[in-house]
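Notes follow the structure.
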Amino acid sequence: MAASFRRIGILTSGGDAPGMNAAIRAITRAAIDKGVEVMGIYKGYRGMIDNEMKLLTARDVSGIITRGGTVLFSDRCDEFKTEAGMQKAMDNLKKNKVDGIIAIGGDGTFRGATDLSDRGIPSVGIPGTIDNDIASTDYTIGYDTAMNTVIELVDKLRDTCESHARCSVVEVMGNHAGGLALQSAIACGASVVSVGEFEFDEEACMKKIAEEKANGKREFIVIVSEGNGDFAEQLAKRIRERVGVEARFARLAHVQRGGSPTLRDRLLASEFGTAAVDHLLAGESNIVMCYKNGKIVATDIDYAQTLDRMYKHKLTPEQLAAIPADRRAEMEKYCAERLAGLRELYDLTFRLAK
Ligand code: F6P
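So the sequence shown is numbered by the numbering used here: it starts at 29 and just counts up by one.
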């Protein structure tokens, strides 16, 4: 139980996401409540290597629940993937008497947590990314805020599109995952959506916009998920040429990563943070907190990463063959259901656009 932990470390790594601060606050307070000290590690795994750490008090995290970004800063640290970098990180953890880690971020962050667990530092991951691209969880911290940012900005674009009878082709983030684009598209009342998961039917897109135009519509929103080069920009040109609607391209970019977190992200981050502390102090390691069917659950990181790679078609035939048949069937079913959920959102956008 808690007795074996004197001091745990927290870090945020990879792309920042609104709600990371709420998680930092929850972890700090939940751990201190259990008599465990909390070391804030700055700039993700970079701070572990460079020994940038500071003990956090419950007071230090006061007021941060409302703030976007991460007070611990973030980084994508390649040196941590090297043996020399890992060794420096381990030495610093030892020097600072850090005996457990909670790492907030995406899949790269969890790989780091696994490496630490393998070297005897119990580690727990918390999914924090606006992309919601971690297959083992229904939601990640920051996703809800990012979608709300997208709809706020696209609503503004719609106003000006209506005045000028234009189409806005809006590229949103997601890092190869279409959830952010799909949910935002429905909420923005987009005419058309394009995501990497499903083949784009350009004829249907042109037809839809032409029909809407014929029905007297003046403003058109097309949402495109990033990750396909200059596809969105080129699509805007083709809409102009083929349908005769003045189309402008807009890339929302990093504005989607900022801002005060929504209620949903604050709540999720608070629940993830508290649960991560409880699981870590109970002696569990190499797990990631997930949100499944309305509940917070702990999932083995190796399993979560295999599932993720299966969902993203990144497993080699040999890796697939190594998974026991019944487990593989269960994982494939899970992936198919997740994709089917996205497909429903995709179809809904087109059904509701008139
Ligand atoms: O993973 C979060 C994310 O914002 C992605 O949506 C995007 O593709 C990427 O990070 C951008 O990365 P960077 O911060 O390096 O520009």
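For every residue, glycine included, the Cβ atom is placed at its ideal position computed from N, Cα and C.
Bounding residues of the beta strand (DSSP E) (the contiguous stretch that carries residue i)
i, result
"valine 252", "248-253"
"histidine 194", "For the sequence presented, residue 194 should be read as arginine rather than histidine. Run containing arginine 194: 194-200, per the beta strand (DSSP E) assignment."
"isoleucine 132", "128-133"
Inter-residue Cα distance where the pair is residue i and residue j
i, j, result
"phenylalanine 228", "arginine 74", "40 Å"
"aspartate 258", "tyrosine 167", "28 Å"
"alanine 54", "proline 345", "41 Å"
"leucine 370", "leucine 210", "7 Å"
"valine 89", "leucine 343", "40 Å"
"methionine 118", "alanine 213", "45 Å"
"methionine 29", "lysine 340", "Reliability of the predicted coordinates at methionine 29 is poor, the pLDDT of 47 falling under 50, and the value obtained from them is presented with this limitation in mind. Methionine 29 and lysine 340: Cα-Cα distance of roughly 37 Å."
"arginine 355", "arginine 292", "32 Å"
"glutamate 231", "proline 46", "37 Å"
"aspartate 161", "methionine 175", "14 Å"
"alanine 31", "isoleucine 38", "With a pLDDT of 47 at alanine 31, under the threshold of 50, the predicted position of this residue should be treated as unreliable, though the coordinate-derived value follows. Cα-Cα distance, rounded: 19 Å."
"arginine 337", "glutamate 372", "22 Å"
"isoleucine 158", "leucine 296", "13 Å"
Residue closest to residue i, alpha-carbon to alpha-carbon, out of the options
i, options, result
"valine 198", "Asp103, Cys216, Leu39", "Cys216"
"methionine 81", "Gly91, Tyr70, Glu230, Arg87", "Tyr70"
"leucine 100", "Ser191, Thr110, Thr377, Leu83", "Leu83"
"lysine 62", "Arg366, Ala381, Ala310", "Ala310"
"aspartate 146", "Asn314, Ile351, Val325", "Asn314"
"alanine 220", "Asp375, Ile36, Gly47, Ala51", "According to the sequence as given, residue 220 is valine; it is not alanine. Closest by alpha carbon: Asp375."
"alanine 304", "Ser32, Asp44, Thr56", "Thr56"
"threonine 377", "Ala86, His192, Ser298, Cys233", "Cys233"
"arginine 270", "Ile249, Gly301, Lys236", "Lys236"
Start-to-end residues for the alpha helix (DSSP H) that takes in residue i
i, result
"arginine 34", "Note, arginine 34: premise wrong, no alpha helix (DSSP H); not H, not E."
"arginine 104", "Neither: arginine 104 is in no alpha helix (DSSP H) and is coded neither H nor E."
"threonine 290", "Run containing threonine 290: none; DSSP gives neither H nor E here."
"glycine 113", "111-123"
"tyrosine 331", "329-339"
Sequence-distant residues of the same chain with beta carbon closer than 7 Å to residue i, five excluded per side
i, result
"arginine 95", "Asn49, Ser288"
"threonine 137", "Ser41, Gly42, Ala131, Gly153"
"aspartate 143", "Met114"
"phenylalanine 300", "Ala51, Ile154, Ile169, Met317, Ile324"
Same chain, Cβ closer than 6 Å to residue i, five either side skipped, listed in chain order
i, result
"glycine 272", "none"
"leucine 263", "Val197"
"cysteine 318", "Ser164, Thr165, Val325, Thr327"
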